Amino acid sequence: MTLPNFEEKLARYAHLIVKMGVNIQPGQTAILYISVTQQKLAHLIVAEAYAAGASEVLVKWNDEYLTRQFLQHAPLKRLETTPKYQIAEADYIVAKKAARISVISED
């Protein structure tokens with residue numbers, strides 16, 4: 004079942020997230036953590052963030068199945084260490100004082 008005016012409501016939700024939720028400022032970096040199943044909402048949030056003046060919007064897609072497979076099958080040594088590229092990325096995000104948006108939903 005699709006809600007009446009779903010597209011309009013989704014666009015308004017994206018606007019609310021960007022303007023009121025994280026209050027992105029001109030020149031600010033934003034990072035969006037979102038499921039691959041939420042592509043439409045991700046596109047709307049990215050567009051709203053750029054409209055609000057974001058200098059860059061980084062999107063970190065996640066997929067529950069892939070994450071589960073990694074956690075079930077990766078060697079313990081790999082689970083105990085963080086790769087240098089992930090540390091560098093985290094340092095970049097912190098240095099930029101990025102606005103962080105996390106969408107946790109499969110629906």
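Everything in the sequence shown is counted per our numbering, starting at 4 for the first residue and increasing by one. Where is the CB? At the ideal position from N, CA and C, for every residue including glycine. This structure is a prediction, so every number in the text was calculated from the model and none was measured.
Residue i, buried or exposed, once every other Cβ within 10 Å from all chains shown has been counted against 16
i   : result
L74 : exposed
I27 : buried
Per DSSP, the bridge partner or partners of residue i
i    : result
E59  : T32
R103 : I34
Contact under 8 angstroms by Cβ, residue i with residue j
i   : j   : result
E59 : T84 : no
V62 : A45 : yes
L19 : K12 : no
V21 : E51 : yes
Contact test: residue i Cβ vs the ligand ZN heavy atom, cutoff 7 angstroms
i   : result
K12 : Absent from the structure shown: the ligand ZN. Ligands present: none.
Whole-number beta carbon distance between residue j and residue i, since they are thought to touch under 8 angstroms
i   : j   : result
L47 : A93 : So it is not a contact: roughly 26 angstroms between Cβ atoms.
The segment 34-52 touching the segment 99-107, judged by at least three CB pairs closer than 8 angstroms: Counting Cβ pairs under 8 angstroms, three or more are found: they touch.
The segment 81-98 contacting the segment 41-55, beta-carbon criterion three pairs below 8 angstroms: The segment 81-98, when compared against the segment 41-55, does not touch it at the 8 angstroms Cβ threshold.
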